[in-house]
């Protein structure tokens, strides 16, 4: 189980990266390596060129900007999970990362790598969808931003031209503005650290009366890309969030058309989608209300 | 793995029939496929490229048209190819049958596809292989229709275009279709899987249009 | 890849492993685990699956436990690495995790052991307050077919206690 | 002699090197100039080979050779000998070292690519063009004997390799008079062993061609030597086989594989040292697997729920070949009637060929299968009669008064199967006591809260210490240190430690004074192998016998040296002492004497060397037993199963090292839990394996596994000098049955009936909805 031969490139700047991408064929970008390296070792992937972007400066920063929390593509999952800005402004991302792989893979794996590999059940794209993240792409035709809803063009295929690369993303995180924000993330996997079968992330913002002013629900593992439960979100806004309402909107999760693979039936995915949504919303409610509405 | 599809073309069977047997002309309609040599007596060399998510496969191999029944308008295509990188091989037997359908022709293709080796062992991706194969045939049908329409717009009858079927070890370059066909390189994951997702979302009309 | 010339498929690297600096020309396709085993002869790092699941190949790179089968050797240029061979002190004094594995029968065939020990050494050096639940999570990326994990967990708990200086 | 080490939790002698990275597994052995081999394997489940074109591969830079069956001569094409001959098989099929003409499962070895590195060998392996003619594959066990079913091999008329029949008593009579008769259809699915070290073979031919050294990651170096000496037509003394540190075996490494033949053959052919190391992808398709069986059974019980009789039929999938004969179905058969004192039994097992990886024993061999079906039947009786599952077992078990108990079955040699010792009911009670009494109350309370917990129970009896023998040599060296040589190599069990414990007590030294060498055929003449929970009994007994003899010799010689009565002599701290005096002679001095000096005759009646060699011949089997209880919680929304508690009460006779026995049990239980909940080797309808990596094939992880509480009983076996029974598989045998029993109990409000494993959460949700 040894990789086939390839030429190795390690650009130091984004400009070098773009010119390499523009000039080479059959290229794979090596970020954290936790997805690409197995594909190389198992000889599923046969790139002629591997471009290692670990040496490009400035791709691993986490900063607050007016647009939101900006996270460099090369930020390791371990760093994201423990970063004070993430814990303060997007704790649901930190919680989701608890379920991502294992201590050894989080030490290398990057948030950008996950957003480009795009396993249908992956947690990080799910959180990006939850926040309507904006992805920052660079290419020879200059930088461009892609909304998360336009990012996944098909099964494990990001909206990137062959000569483009993902530099980072911005999560337009929610500000409380006198309301209380609660989050929840639940997934069902056979074993700890496995890709989820289905995962659900929820964000709610409640006013003093416990009425939902804003809500976001995202599911992973139900389709080839993360799915936002827009209908359920609308059904929440303007109503007092309680278990009854949670039960009603969770049922909506089961009604979307589920993808099918060799192992998992659509019916089971639907059941998990409903259950994970319910549990994620319950956590969100408890957090927003400081556990008063358990 | 059985894949059944049927599709219509806007010409009657007696015109569609020779057209369908005009391999150099229809191959470019097959997404990701290209013809590399005509070996004579209905045997051809070619290759087809397919993408399953991040994994791109290129099958190179041979295809032969057998059991041609010009009266019943049925034929069988037997094809087999191996991935250039040794990740396995694919073999398919496709039975074509044409029947009149109003002004046009209903073409049914019953394919038995067998994948072996690593390509058949992707596990989680296996559920998508059938969808992908169906999409290839469906896109083939769409391309074939647009080809026919393009020609009829030029006033070139499909049948006359189909009469000069090359034989012997002809020069591949000369086999490019004479009429503009929607340019298709390897079947893009986008086009391909968008179709997959569509069909995942609406399983009713699996058999294309 | 015959089309690729030597220059593109070979790189010179310098890496510090268990306190020793090594200079070497490596094939760019060689993963770090193979480099440690074949080039440096440090065969204590084991390869159990080479697709990043079993954890046997875990080493400590710049303080973090990582899977050496999921990193190219060329990427380790300039890095500081600790392998199972480098955990005990020069005088042979065992690392508390090694000691505990021996005390608690934390190994049987021993093949997953280097990955288990390096993983636990790294996480416990960072935080010796882990409890059974967090220890099980910490080794959830390391597969053992022999022990059923319980004695590994017991070993980790003993090591954590020693590393906290409880006794 | 008081036992100071025998029975104590002695820390392992093996560990210091293994915890510091100084172990030496096959791929760690330095071998200057070694060439690396990649194996070209069949991608087809069943196909004819028309031609093999290796020209492109041979031309690839760094490739030394590409070898097919035709290149390596007749021995490479000849079917390998069956490791356990099976006269009842009409068409015995075994694989040849390299396929020629046809292939019968995905992964069958077709050619070897020899190159300067493994990576280059893999590059070239992809360039070997094999022209196959695919044939229909047989992967459907249930319909394998149907009219018109595809045959797994063109040499076969039918997929039926043979039928085993066994039983005793007046079956018709017992079923006729029984108050209750219940029918069950049960099934188990295949998984792999997944030793964390994959297999591997290295061979170094002597330039003269008269010798060959072979290293194999095997449980049976002596089987490899036997096979290769016969294959190569060489003296056994010229074929040295070494099992280095082996990273787990679990059964499949006891097989002599195609690569064990092909690599030495190729090494001789090329006159070069060669190494092949199985990678994990290969392990999924080239290392034997186990457990596929389909059962139709009936149980007869009296009005009180005592099981009276069992009859049934089994379809057993043995895969494409019979490398180990029919040892699996035989083991399933001989595991009846388990702990139950049945009046009548009638079992038939059809052994079926399919186009999947061949089956040979995986931890437990056929026993977990039989345990699963018997325990399902016992639970069924309890449910139908409305009595506790414990009571059905209490009433049906062989009672303590009945030992030695002849079950009515016949052993492999035709002799009656006779359980030696034990108290099955008492063992069950200990498990129940440990588990706690108020479970029912907690279960009702949990259900009131919408939580579903369940208790599982499973009991087993295991035949251990299998024939024919193991042996050991003990030799005291002039430096006073002791060499202990044996053929029984270990794959993690800790043989060196337990053997040293056994010998140390006899010789009055510490285990640390003893160097144990095992697994090198040049150091000890004969051995069988570490399989079937047999080494503590056979190897341990032989060590004991050799130690006793050495001790006697030391005393005899010392009595002359010290001019003392033998009765007054004791062995202590490396000396033979005259008790109550300060007169003593060290074992080293005695060894020096008996090594001899030029011109000086040895003492009268004393043979050279302070040493002894003994072979223990296992002519009667010993029987371990146990009862497992566990508690699970099922999340009915997701089907997730959490194991909350796991209790093992078990009896493997006298314990040599309780810490190591506990280790065997815990590892075994977790393997069984994997079989119950996680591990499923999936094939598609064409025989293409679908789970060929650790993302798809799920092994148990630390986060999902429970603590395992163990209660020991010690019923010494009278059938060997140290009273021990085997413990290597006792954890695995009942574990899956126990977990399934618990899940069914947890889901009883939904009337869920479980009849197979592994069971996924998705399966359980489906059953809950149907319930």
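Residue numbers (my numbering), protein chains in the order written: chain A, 34 to 327; chain B, 213 to 421; chain C, 2 to 168; chain D, 120 to 890. Heads up, the beta-carbon is just placed ideally off N, CA and C, and yes, glycines get one too. On a predicted model such as this, the values are computed, not experimentally measured, just so you know.
- Message: 7 Å is my cut-off, CB to CB: does residue 77 of chain A come that close to chain D?
- Response: no
- Item | Where residue 211 of chain A sits in the DSSP three-state scheme | Annotated three-state conformation of residue 211 of chain A is coil, per DSSP.
- List the residues that DSSP assigns as beta-bridge partners of residue 414 of chain D. D:305 and D:433
- Determine the direct distance from the alpha carbon of residue 106 of chain A to that of residue 348 of chain A, and round the result to whole angstroms. Outside the displayed range of chain A (34 to 327) lies residue 348 of chain A, so it cannot be described from this structure.
- Buried/exposed call for residue 24 of chain C, threshold 16 Cβ in 10 Å: exposed
- Item | residue 280 of chain A classed as buried or exposed, judged by whether at least 16 other C-beta atoms fall within 10 angstroms | exposed
- Task: Please confirm if the region 53-68 of chain C is in contact with the region 117-125 of chain C, defined as three or more CB-CB distances below 8 Å between the two stretches.
- Result: yes
- Return no unless some Cβ of chain C is closer than 7 Å to the Cβ of residue 225 of chain A. With respect to chain C, the C-beta atom of residue 225 of chain A has a partner C-beta closer than 7 Å.
- Item | Between the CA atoms of residue 830 of chain D and residue 471 of chain D - distance to the nearest angstrom | Computed Cα separation, rounded: 39 Å.
- Report the option in A:122, A:65 and A:42 whose CA atom is closest to the CA atom of residue 83 of chain A. Ranked by how close their Cα comes to the Cα of residue 83 of chain A, the residues A:122, A:65 and A:42 have A:42 in first place.
- Message: Using 7 Å as the threshold, is the C-beta distance between residue 341 of chain D and residue 606 of chain D below it?
- Response: yes
- Please look up how many angstroms separate the CB atoms of residue 752 of chain D and residue 308 of chain A, rounded, as I've assumed it's under 8 Å. Residue 752 of chain D to residue 308 of chain A, Cβ: 15 Å. No contact.
- Task: Please classify residue 716 of chain D: is it buried, with 16 or more other beta-carbons within 10 angstroms of its beta-carbon, or exposed?
- Result: exposed
- Item | Top-ranked residue by Cα proximity to residue 145 of chain C, from D:312, D:297, D:223 and D:239 | Looking at the Cα atoms, D:312 is the closest of the given residues.
- Task: With DSSP collapsed to three states, give me the class of residue 382 of chain B.
- Result: For residue 382 of chain B, the pLDDT reaches just 35, beneath the cut-off of 50, and the residue's location in the model is therefore unreliable, leaving the point undetermined.
- Message: Nearest by alpha-carbon distance to residue 257 of chain D: which of D:418, D:473 and D:250 is it?
- Response: D:473
- Query: Quick one: does residue 808 of chain D have its CB under 7 Å from some CB of chain B?
  - Reply: yes
- For chain A, is any of its Cβ atoms less than 7 Å away from the one on residue 72 of chain C? yes
- Task: Kindly indicate which three-state DSSP category residue 730 of chain D falls into: helix, strand or coil?
- Result: strand
- Have a look at A:37, A:200, A:122 and A:258 and flag the residue whose alpha-carbon is nearest the alpha-carbon of residue 209 of chain A. A:122
- For residue 66 of chain C, three-class secondary structure by DSSP: Strand, per DSSP.
- Message: Considering only DSSP beta bridges, list what residue 696 of chain D is partnered with.
- Response: In the DSSP output, where bridge partners are listed per residue, residue 696 of chain D has D:689 and D:703.
- May I have a chain-ordered list of the beta strand (DSSP E) segments no shorter than 3 residues that lie completely inside the region 349-425 of chain D? 358-361, 393-396 and 412-420
- Message: Based on DSSP bridge pairs, tell me the residues matched to residue 334 of chain D.
- Response: D:321 and D:361
- Query: Straight-line CA distance for residue 523 of chain D to residue 186 of chain D?
  - Reply: 56 Å
- Message: Let me check understanding here. Comparing Cα to Cα, which of C:132, C:8 and C:161 lies closest to residue 100 of chain C?
- Response: It is C:161 whose Cα lies nearest to the Cα of residue 100 of chain C.
- May I ask you to report which of helix, strand or coil DSSP gives residue 232 of chain D? DSSP, read as helix, strand or coil, puts residue 232 of chain D in strand.
- Query: When the Cα atoms are used, what is the spatial distance from residue 263 of chain A to residue 249 of chain A?
  - Reply: Taking C-alpha positions only, residue 263 of chain A is separated from residue 249 of chain A by approximately 8 Å.
- Using a Cβ cut-off of 9 Å, pull out every chain D residue sitting near residue 328 of chain A, in sequence order please. Because chain A spans 34 through 327 in this model, residue 328 of chain A falls outside it and cannot be assessed.
- Item | Neighbour flag for residue 590 of chain D against chain C, beta carbons, 7 Å | Taking Cβ atoms only, chain C never reaches closer than 7 Å to residue 590 of chain D, which makes this a no.
- Query: Roughly how many whole angstroms lie between the Cα atoms of residue 59 of chain A and residue 217 of chain D?
  - Reply: 36 Å
- Message: Less than 7 Å between the C-beta atoms of residue 181 of chain A and residue 71 of chain C, yes or no?
- Response: no
- Query: Applying the criterion that 16 or more other CB atoms from any shown protein chain within 10 Å of the CB defines a buried residue, is residue 870 of chain D buried or exposed?
  - Reply: exposed
- Item | Given residue 111 of chain A as reference, the closest of A:81, A:135 and A:68 once Cα atoms are compared | A:135
- Can you list, in chain order, the residues of its chain whose CB lies under 8 Å from that of residue 421 of chain D, leaving out five sequence neighbours each side? 297, 298, 299 and 427
- Residue interval of the beta strand (DSSP E) (run including residue 261 of chain D): It is not in any beta strand (DSSP E) - residue 261 of chain D carries neither H nor E in the DSSP assignment.
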